[in-house]
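Taking it in order: structure first as structure tokens, then the write-up.
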Amino acid sequence: MKVINKDISQITIPTPFAVGDTHVYLLKGDKLSLVDAGVKTKEAWEALTSQLKQLNYSPNDIEQIILTHHHPDHIGLIEEFPRVKSIVGHRYINPFLIRDEGFIDNYIEFFKTCFHVNGVPESFQSEMEKERKAFDYFGRGELTEFIDQGQNLPGHEDWSVIETKGHAQSHLSFLREQDGMFIGGDHLLQHISPNPLIEPPYEGQNDRSKSLLQFRSNLIKCKEASIRTVLPGHGPVFSNVDEVVEHQLSRQEQRADKVYQYLKKESASPYQICKQLFPKQYEKQIGLTMSETIGQLDYLENEGLIEKDLVNGQYVYETK
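For what it's worth, the UniProt record's numbering labels the leading residue of the sequence shown as 1, then goes sequentially.
Shown next as structure tokens:
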């Protein structure tokens, strides 16, 4: 637990995921709000309640929950606060909270189809069904208010909402311009590079969003904003925003160049490229590694350096 200033405190919560601990933030204003809600485990709840107690609060004192995005380490405990009447976030979070079965079925089916067309062997298809179990870590509930770019946080009118899609299509961050405080969720991290995850099209969309391109654009947006201090979802609080953004962009470009150099030698499917990029990780983390690979291919294609062709129902990429 860390008191950031008189109206913001950071609470650190364990997760069962490789990313490690996650941070949530207690925000004082016209309402007492919790920004994000950890993962749905006993250990997370014990850590959260213990640190609230150190701050002289209890779960009964929380009036509102504000969500940066829909991932399970950020929305897991939303139903544990008896006085919460307001849960706010991007509208794309809602299907995950209400456990819309049709949405979940389509979500799983999208990845099965996506992986097939990108060359992933059938032996990995069962991994997609395991994704249903990830929903066990999600809290159940429903957003009471949708927020988006250009609005202010309810109960905290000095905080503005900034769209930061990329890591998730539901991702929002929050900036207080008067002192440059930035609650960044998983968009802006100092110690690791967030993985811009591919997701199915949402209602009203025909195609999946190109998450890595969104992520890059929104990183640059952060350079142009008046951010002085980043309060992240993982890792240390930091202030060297320009340096971190440049490092993230450079690291991504280096990985894209590795893909480009490989394709200069031979054409390949995304799965074949994934194995080259992540030889030790791809079998155990096929979803994450394929998201990263497809993102790099989206980037190179957008730069006009490569093109793809559909061969026997599967994509093959080559340089132009």
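Ideal Cβ positions, reconstructed from N, Cα and C, are used throughout, including at glycine.
Contacts around residue i, its chain only, beta-carbon distance under 6 Å, and the 5 residues preceding and following it disregarded
{"i": "K223", "result": "D242 and V245"}
{"i": "Q214", "result": "K165 and G166"}
{"i": "T144", "result": "S86 and I87"}
{"i": "D186", "result": "H167, P194 and G233"}
{"i": "F103", "result": "P95"}
Expected contact under 8 Å - CB spacing of residue i and residue j to nearest Å
{"i": "G29", "j": "D7", "result": "7 Å"}
{"i": "Q149", "j": "I162", "result": "6 Å"}
{"i": "H171", "j": "T68", "result": "6 Å"}
{"i": "F66", "j": "F96", "result": "Sequence check: residue 66 is Ile here, not Phe. Not really, about 16 Å apart at Cβ, beyond 8 Å."}
{"i": "I147", "j": "G89", "result": "7 Å"}
Neighbourhood of residue i by C-beta, 7 Å cutoff - its chain only, sequence neighbours within 5 removed
{"i": "C274", "result": "Y282, T289, M290 and T293"}
{"i": "W45", "result": "L77 and E80"}
{"i": "G155", "result": "G29, D30, K31, S33 and Q64"}
Neighbourhood of residue i by C-beta distance below 8 Å, restricted to the same chain and skipping five residues each side
{"i": "P207", "result": "For clarity, residue 207 is Asp in the given sequence; the question names Pro instead. Once the five neighbours on either side are set aside, the close Cβ partners of D207 are P201."}
{"i": "E239", "result": "One point to set straight first is that residue 239 is Ser, not Glu, in the sequence displayed. So the list reads R228, T229 and V230, once near-sequence residues are dropped."}
{"i": "K320", "result": "G304, L305, I306 and E307"}
{"i": "V237", "result": "K2, I4, Q10, T229, V230 and L231"}
{"i": "I93", "result": "L67, H69, H70, I75, L143 and S170"}
Identified DSSP bridge partners for residue i
{"i": "A18", "result": "Answer is none; A18 lacks a bridge partner."}
{"i": "A268", "result": "Y317"}
{"i": "I273", "result": "DSSP lists no partner for I273."}
{"i": "I13", "result": "T22"}
{"i": "D309", "result": "V316"}
Fully enclosed by the region 103-184, which beta strand (DSSP E) runs are 3 residues long or longer?
-> Fully contained in the region 103-184 are the following beta strand (DSSP E) runs of length 3 or more, in chain order: 156-163 and 172-176.
Are there three or more Cβ pairs, one per stretch, closer than 8 Å when the region 230-247 is compared with the region 21-37?
-> Yes, since at least three Cβ pairs between the region 230-247 and the region 21-37 fall closer than 8 Å, the two stretches touch.
Contiguous alpha helix (DSSP H) assignments of at least 4 residues, all confined to the region 51-86 | The region 51-86 contains these whole alpha helix (DSSP H) runs: 72-75.
Quick check: the region 22-30 against the region 193-209, are there 3 or more CB pairs under 8 Å?
-> Segments in contact, no.
Enumerate, from N- to C-terminal direction, the unbroken beta strand (DSSP E) stretches of 3 or more residues contained entirely within the region 209-253.
-> If you keep only unbroken beta strand (DSSP E) runs of at least 3 residues inside the region 209-253, you get 229-232.
contact_flag[the region 102-111, the region 45-57] where n(CB pairs < 8 Å) is 3 or more = With contact defined as three or more Cβ pairs closer than 8 Å, the region 102-111 and the region 45-57 are not in contact.
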